[in-house]
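Okay, so here's the structure we're looking at.
Number of protein chains: 2
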Amino acid sequence: MARAKFSTSSEAVNTIFYEAIPLFAQSGFNGVSMRHVATAVGISIATLYHHFPDKQTLYLRCIEEAFANKAGGLSEVLTKQSSPEEQLKHFIYRFTCLMAEDDNFRRLFQRELLDGDETRLQVLAKDVFQIQFKGITDLAQTLAPQCDSHMMAISMAGLVLFHLETTPIRQFLPGGRAEHNDPEFIAEHVTKLLLNGVMKCGND
Amino acid sequence: MARAKFSTSSEAVNTIFYEAIPLFAQSGFNGVSMRHVATAVGISIATLYHHFPDKQTLYLRCIEEAFANKAGGLSEVLTKQSSPEEQLKHFIYRFTCLMAEDDNFRRLFQRELLDGDETRLQVLAKDVFQIQFKGITDLAQTLAPQCDSHMMAISMAGLVLFHLETTPIRQFLPGGRAEHNDPEFIAEHVTKLLLNGVMKCGND
DNA sequence: GTCTATATACCGATAGAC
DNA sequence: GTCTATCGGTATATAGAC
């Protein structure tokens, strides 16, 4: 019998999450084998199966773990500021930084949009995003009462996320520069665009 | 010897593309086996390998094929209209319809953003998107000369694509309604947002 | 809690006949 | 151009010892 690497089960499980989440975020469900995960953790496949009944369950628990850790940070983003414009500016800046600093979360989310079945997306929407998304629609409602706040909330999040999502290819597209990947630069561009529209975007 | 299903090699190859592209778009490179493709086409694995040397090459040729078919459609989108506002409105509408009607193309693009290595993204940018993207930056330059046209072009495309990308989860988020998935509805929302900004988005 | 060993299935890829 | 048969490797998952 090999010496126990972890003294408690939850210690082992946490280490498995720590190693597996970046792997799944990087290569996706089908791109990561139980062997990969076990090797990364430094345990055998059998031990991995001792902690999780199957690969599907391991993956889902990783998703839950990665998203649960993020829900708290998203809540802080929507604190009240003086004016609606300040609220928007503050939200975009914090949201951009939060998404930029955690590629794992962002990539897992993108992968779920592509591969998640209806049940999984429903759980994700209800249990992880609902409260935060409601906060964004409320902000949109304050800023533009005459507008569809659901569409506006999607637009606000999408502007930020698409800039981050396209980071690896933008350097090869006309006009792409390194500073375009700076969260502060992205946040400033998105805020100006949202506040003024495309025609007056360069003005302050 | 089995009777020949296809009379020419290119006929077989085209049928392989026709079956393989939706499979790769749906499940990704690692989610589709050569067996799956061969079965979908109605040929054996060995026959598939007669037409493509390996799986990697098949996948890359599928990407090229799917994207080549789209490049033409994107060119038409940037025809000159009377005013810059009309140009923008026309571009957003055509771009939205084009992306909405071809899930395969859009999903393959999203997957490449997640999984494509630097070489593949460079080829994609230079050979597929460069000309079209240059057209969008030119439009952005016309609309907002004082603005970073690269950032603005990304924002314009991102607004449309993120609405399409989040279609499967939006129905579970607060305020989500079926008509939010209508390309015309999306195009109208995005156009208004770009032209007026968030504060005046509901006005015409 | 961890291991070795193994069952079973599928993977990508090839050989060689027709 | 297409097939059957097969190779070597890896996948998920389990059995059973310690």
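In order, the protein sequences belong to chains G and R.
Under my numbering, the very last position in the first sequence is 204; numbers go up by exactly one each time.
Under my numbering, the very last position in the second sequence is 1204; numbers go up by exactly one each time.
Backbone N, C-alpha and C fix where the C-beta goes; we use that ideal spot for every residue, glycine too.
Because the structure is a prediction, the values reported are computed rather than measured.
Alpha helix (DSSP H) segments (min. 4 residues) lying fully within the stretch 104 to 181 of chain G: 118 to 123, 130 to 143, 149 to 165, 167 to 170
C-beta atoms of L1164/R and T166/G nearer than 9 angstroms: Here residue 1164/R is taken as the residue at index 164 of the second sequence, counted from 1. Here residue 166/G is taken as the residue at index 166 of the first sequence, counted from 1. Not a contact, by the Cβ cut-off of 9 angstroms.
Best match in V1123/R, T1142/R, M1151/R for proximity to E1085/R [C-alpha to C-alpha]: What you label residue 1085/R is simply residue 85 of the second sequence in a count that begins at 1. Nearest option by C-alpha distance: T1142/R.
L1121/R: contacting residues in chain G (beta-carbon distance under 7 angstroms): For the purposes of this step, residue 1121/R is taken as residue 121 along the second sequence, with counting starting at 1. Per Cβ cutoff of 7 angstroms: P168, I169, F172.
Nearest-angstrom beta carbon gap, L124/G and A1125/R [assumed within contact, 8 angstroms]: Counted from its first residue, the second sequence places residue 1125/R at position 125. Counted from its first residue, the first sequence places residue 124/G at position 124. Incorrect: roughly 31 angstroms between the Cβ atoms, too far for contact.
For Q1026/R and T39/G, the rounded distance between their alpha carbons: On the first sequence, position 39 is the one that residue 39/G refers to. On the second sequence, position 26 is the one that residue 1026/R refers to. Taking the straight line joining both Cα atoms gives about 29 angstroms.
Distance, D1148/R Cα to H36/G Cα: In the first sequence, counting from the first residue as 1, residue 36/G sits at position 36. In the second sequence, counting from the first residue as 1, residue 1148/R sits at position 148. One C-alpha to the other measures close to 43 angstroms.
Any 3 or more C-beta pairs closer than 8 angstroms across the stretch 1183 to 1191 of chain R and the stretch 190 to 199 of chain G: no
Beta-carbon contacts of L1159/R that lie in its chain and below 6 angstroms, excluding the five residues immediately before and after: The count along the second sequence starts at 1 and reaches residue 1159/R at position 159. Once the five neighbours on either side are set aside, the close Cβ partners of L1159/R are V1190.
Residues of the stretch 1148 to 1161 of chain R with Cβ closer than 8 angstroms to any Cβ of chain G, in chain order: D1148, S1149, H1150, M1151, M1152, A1153, I1154, S1155, M1156, A1157, G1158, L1159, L1161
9 angstroms Cβ cutoff, M1199/R in contact with chain G: Looking up residue 1199/R in the second sequence gives position 199. Yes, its Cβ sits closer than 9 angstroms to a Cβ of chain G.
Close-in-space but distant-in-sequence residues of the same chain around I1045/R (CB under 8 angstroms, 5 per side omitted): Residue mapping note: residue 1045/R aligns to position 45 of the second sequence, counting from 1. Cβ neighbours of I1045/R beyond the five flanking positions: M1034, R1035, A1038.
Proximity below 9 angstroms, CB of A153/G to CB of F185/G: To locate residue 153/G, count along the first sequence from 1; it is residue 153. To locate residue 185/G, count along the first sequence from 1; it is residue 185. Taking 9 angstroms as the Cβ cut-off, A153/G and F185/G do not qualify as a contacting pair.
Among G72/G, N69/G, F91/G, nearest to T79/G - alpha-carbon criterion: On the first sequence, residue 79/G is found 79 positions in, with the first residue counted as 1. Of the listed residues, the one whose Cα sits closest to T79/G is F91/G.
9 angstroms Cβ cutoff, T15/G in contact with chain R: On the first sequence, residue 15/G is found 15 positions in, with the first residue counted as 1. Not one chain R Cβ lies under 9 angstroms of T15/G.
Between the CA atoms of G31/G and H1051/R - distance to the nearest angstrom: Position 51 of the second sequence, counted from the first residue, corresponds to residue 1051/R. Position 31 of the first sequence, counted from the first residue, corresponds to residue 31/G. Cα to Cα, the separation comes out at about 25 angstroms.
E11/G versus Y18/G: straight-line alpha-carbon distance, rounded: Taking the first residue of the first sequence as position 1, residue 11/G is located at position 11. Taking the first residue of the first sequence as position 1, residue 18/G is located at position 18. When rounded, the distance between both Cα atoms is 11 angstroms.
Heavy atom of the ligand GDP within 8 angstroms of A140/G beta-carbon: This structure lacks the ligand GDP, and indeed carries no ligand of any kind.
Residues of the stretch 51 to 73 of chain G with Cβ closer than 8 angstroms to any Cβ of chain R, in chain order: none
Assigned exposure category for T8/G - 16 Cβ within 10 Å defines buried: As a working mapping, residue 8/G is identified with position 8 in the first sequence. Label assigned to T8/G: exposed.
Interface flag, T1137/R vs chain G, CB-CB below 9 angstroms: Stepping through the second sequence from its first residue, residue 1137/R is reached at position 137. Yes, contact with chain G.
Top-ranked residue by Cα proximity to R1170/R, from G175/G, N181/G, S155/G: Numbered from 1 along the second sequence, position 170 holds the residue referred to as residue 1170/R. Measuring from the Cα of R1170/R, the nearest candidate turns out to be S155/G.
Chain-ordered chain G contacts of F1133/R [CB-CB under 9 angstroms]: Your numbering for residue 1133/R matches position 133 in the second sequence. In chain order: L173, P174, G175.
Per-residue burial, P183/G [other beta carbons within 10 Å of its own, 16 or more giving buried]: As a first step, residue 183/G must be located in the first sequence, where it is residue number 183. The residue is buried, with at least 16 neighbouring Cβ atoms inside 10 Å.
Closest Cα partner of R120/G within the set T137/G, I63/G, V77/G, A178/G: On the first sequence, position 120 is the one that residue 120/G refers to. The residue with the shortest Cα to Cα distance from R120/G is I63/G.
Ranges of the alpha helix (DSSP H) found wholly within the stretch 1010 to 1043 of chain R, counting only runs of at least 4: 1034 to 1041
Whole-angstrom distance between Q110/G and L1048/R, CA atom to CA atom: Mapped onto the second sequence, residue 1048/R falls at position 48. Mapped onto the first sequence, residue 110/G falls at position 110. When rounded, the distance between both Cα atoms is 31 angstroms.
Where R107/G falls, given that 16 or more other Cβ within 10 Å makes a residue buried: Indexing the first sequence from 1 puts residue 107/G at position 107. R107/G is buried by the Cβ-count criterion.
Whole-angstrom distance between P1168/R and E118/G, CA atom to CA atom: Numbered from its first residue, the first sequence carries residue 118/G at position 118. Numbered from its first residue, the second sequence carries residue 1168/R at position 168. Their Cα atoms are separated by approximately 7 angstroms.
Interface partners of F1129/R on chain G, CB under 9 angstroms: Here residue 1129/R refers to the residue found at position 129 when the second sequence is read from its first residue. Result: I169, F172, L173.
Span of the alpha helix (DSSP H), counted from its first residue to its last, around M1099/R: Translated into positions along the second sequence, residue 1099/R becomes position 99. Where M1099/R is concerned, the enclosing alpha helix (DSSP H) stretches over 1084 to 1100.
Distance between beta carbons of L1088/R and L1161/R, contact taken as under 8 angstroms: As a first step, residue 1161/R must be located in the second sequence, where it is residue number 161. As a first step, residue 1088/R must be located in the second sequence, where it is residue number 88. About 16 angstroms separates the two Cβ atoms, so there is no contact after all.
C-beta contact flag for Y59/G and F105/G at 9 angstroms: Within the first sequence, numbered from 1, the residue matching residue 59/G stands at position 59. Within the first sequence, numbered from 1, the residue matching residue 105/G stands at position 105. Against a cut-off of 9 angstroms, the Cβ pair of F105/G and Y59/G comes out as no contact.
Neighbour list for A1125/R in chain G, Cβ cutoff strictly below 7 angstroms: As a first step, residue 1125/R is located in the second sequence; it is residue number 125 there, counting from the start. Correct list: I169, F172, L173.
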